[in-house]
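Here the protein sequences line up with chains A and B, keeping their order.
Per the numbering used here, residue 1 is the first one in the first sequence, and the count goes up by one each step.
Per the numbering used here, residue 1 is the first one in the second sequence, and the count goes up by one each step.
For every residue, glycine included, the Cβ atom is placed at its ideal position computed from N, Cα and C.
Values in this document were obtained by computation on a predicted structure and should not be read as measured data.
Okay, so here's the structure we're looking at.
Protein chains: 2
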Amino acid sequence: MSERASSPRVRDPEKTRAAILDASLDLILDHGYGATTVDAVVQRAGITKGAFFHHFGSKAELARALVERYAEMDRAHLEAHLVRARKLSPDPLQQIFILLGLYEEDFEAMDGPFPGCLFASYIYENKLFDEGTIAVLRESTLMWRAVMREMLEKAIAAHPPRVPVDVESLADLFYAIPEGSFVMTKTLGDRTLLARHARHLRTYLELLFLDRGQTT
Amino acid sequence: MSERASSPRVRDPEKTRAAILDASLDLILDHGYGATTVDAVVQRAGITKGAFFHHFGSKAELARALVERYAEMDRAHLEAHLVRARKLSPDPLQQIFILLGLYEEDFEAMDGPFPGCLFASYIYENKLFDEGTIAVLRESTLMWRAVMREMLEKAIAAHPPRVPVDVESLADLFYAIPEGSFVMTKTLGDRTLLARHARHLRTYLELLFLDRGQTT
DNA sequence: CGAATCATACCAACTGGTCGGTTAATTGCA
DNA sequence: TGCAATTAACCGACCAGTTGGTATGATTCG
Chain A
1 MSERASSPRV RDPEKTRAAI LDASLDLILD HGYGATTVDA VVQRAGITKG
51 AFFHHFGSKA ELARALVERY AEMDRAHLEA HLVRARKLSP DPLQQIFILL
101 GLYEEDFEAM DGPFPGCLFA SYIYENKLFD EGTIAVLRES TLMWRAVMRE
151 MLEKAIAAHP PRVPVDVESL ADLFYAIPEG SFVMTKTLGD RTLLARHARH
201 LRTYLELLFL DRGQTT
Chain B
1 MSERASSPRV RDPEKTRAAI LDASLDLILD HGYGATTVDA VVQRAGITKG
51 AFFHHFGSKA ELARALVERY AEMDRAHLEA HLVRARKLSP DPLQQIFILL
101 GLYEEDFEAM DGPFPGCLFA SYIYENKLFD EGTIAVLRES TLMWRAVMRE
151 MLEKAIAAHP PRVPVDVESL ADLFYAIPEG SFVMTKTLGD RTLLARHARH
201 LRTYLELLFL DRGQTT
């Protein structure tokens, strides 16, 4: 077996690296990157400073690696839901509704205080990061826009909307509404908001593309 | 005359205080609170460290005063638009549309790189602030919810919605959509997004409350 | 062995905050 | 009104603690 049980102190560089990234993610989402010290990361990850700087050349390098891993997970998560949605319905509009439903499920299944989104955290400290790190945010945002725009365009072709719409900015709502919802959720501590706000996006699309009322 | 022209170096405690708050607002929205040093604030405000600690007992006190001023400006801005909207139409639904239009105008009139929202900046560094400071965020958020909820309930009474809606979370969209839009705008540097996303909220409400299509 | 992985001890730079002192405005009183 | 006394606004050198980062040595594993 190459897999190893999570015993306390074994030599496993990948696990150490992951522990550093996990610890820093938690800390950064609560304190911001600037106020997250290497010492705090090291302590929470249960390692030492030497190990930290063995894996990451600098704090900035950690920032970059962290957001890259985050962006990749985000992309993979979306991709997985997309595959599932396509399997469940051939109709592009229904696929969008299913996608929304899957995310609503995810949101409802969450527990503990809501952590928020690393992209938003970074962008509100943007001057602390180098261009390459910020570029990851941009690319992720544009990826969301492109994916949702393509789905929406197919949906529009099959279901002409009741009123003309700006497709690009409509696609953006799939990113912007959750992002705003995260801010509210973190502020009020009410995790039901995420799904409830997503449901409004669903209703909007239903009114826009369906002849009458609900489907669900 | 007790009023004084804005000449370079005059003794004017209120002006000094405002300069500190202005400088720290700019810096915090770009670097976050944690990474904004008192020295940087002092330098940008064109004063000295001594003057800073004469006006604010600590950095935390600055944080609190800054968000309180910000919340008050936000509230006053909303209030002013509300008054104008009520003057322009007696119909509650139309008032909401007018309010949205006024904010769209504000967004379109902006120039320079978009600064973002201090509430979002703070909440993504929430562990750095004391309870009283975070409470300001909560109160502002709940104020928005209460105001928009009241308007929406009046609108619903006059224009029964096509499908049943959760009023509270619908009211939240007036806060959450701009907030998410701010994140996207800061990320992509495209200031047109703000108004375009707001317009979707308008379209949603039109589809929800009006018999057919557009009004505007 | 010898390279990869991690620990310990340490440093120079910077941080928020303090403090004694200076300068300008305001007040009290003749 | 004239002006000394008092107070508020402001300055900038300084301090103790913290920061990101380094140097070097110990341990593990192929």
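Asked	Found
Close-in-space but distant-in-sequence residues of the same chain around VAL41(A) (CB under 8 Å, 5 per side omitted)	ILE20, ALA23, SER24, LEU27, PHE52, LEU62
Rounded straight-line distance, which links the Cα of LYS59(A) to that of PRO160(A)	50 Å
Whole-Å CB distance - ARG75(B) paired with MET184(B), under 8 Å assumed	Not quite, the Cβ-Cβ distance comes to about 25 Å (not below 8 Å), so this is no contact.
Positions along the stretch 187-212 of chain A whose CB lies within less than 7 Å of some CB in chain B	THR187, LEU188, LEU193, ARG196, HIS197, HIS200, THR203, TYR204, LEU207, LEU208
Cβ-based neighbour list, GLY213(A), same chain, cut-off 6 Å, excluding 5 preceding and 5 following	Confidence is the limiting factor: at GLY213(A) the pLDDT is only 46, short of 50, which leaves the residue's position unreliable, though a coordinate-based value still follows. None.
Coil, strand or helix - HIS197(B) by DSSP	helix
7 Å CB neighbourhood of LEU29(B) in its chain, flanking five on each side removed	PRO115, GLY116, LEU118, SER121
Closer than 7 Å at the beta carbon, the chain A residues around SER24(B)	The premise fails here: SER24(B) is roughly 14 Å from chain A at the closest Cβ pair, so nothing lies under 7 Å.
Three-state secondary structure assigned by DSSP to GLU139(B)	helix
Bounding residues of the alpha helix (DSSP H) (the contiguous stretch that carries ARG84(A))	59-88
Straight-line Cα distance separating LEU173(A) from ARG4(A)	Because the pLDDT at ARG4(A) is just 31, under 50, the model does not fix this residue reliably, and the value given afterwards should be weighed accordingly. Going from the Cα of ARG4(A) to the Cα of LEU173(A) covers about 42 Å.
Alpha carbon of VAL83(B) to alpha carbon of LEU193(B), nearest angstrom	26 Å
Residues near PRO92(A) in its chain [Cβ-Cβ closer than 7 Å; skip 5 each side]	MET151, LYS154, ALA155, ALA158
Where MET110(B) falls: helix, strand or coil (DSSP)	coil
Interface flag, GLY101(A) vs chain B, CB-CB below 8 Å	no
Distance between beta carbons of VAL147(B) and LEU208(B), contact taken as under 8 Å	So it is not a contact: roughly 19 Å between Cβ atoms.
Nearest-angstrom Cα separation, counted from GLU206(B) out to THR215(B)	Only weak support exists for where THR215(B) lies, its pLDDT of 44 falling under 50; the coordinates are left without a value.
For ARG149(B) and HIS77(B), the rounded distance between their alpha carbons	18 Å
Short-range partners of chain B found in the stretch 120-144 of chain A, where Cβ spacing is below 7 Å	ALA120, SER121, ILE123, TYR124, GLU125, ASN126, LYS127, LEU128, LEU137, ARG138, THR141
Which of helix, strand or coil DSSP assigns to GLY189(B)	coil
Neighbour flag for VAL41(B) against chain A, beta carbons, 8 Å	no
Limits of the alpha helix (DSSP H) - the one that THR37(A) falls within	First-last for THR37(A): undefined, no H or E at that position.
Same chain, Cβ closer than 7 Å to ARG9(B), five either side skipped, listed in chain order	With a pLDDT of 40 at ARG9(B), under the threshold of 50, the predicted position of this residue should be treated as unreliable, though the coordinate-derived value follows. Excluding sequence neighbours, ARG9(B) sits near nothing in its chain.
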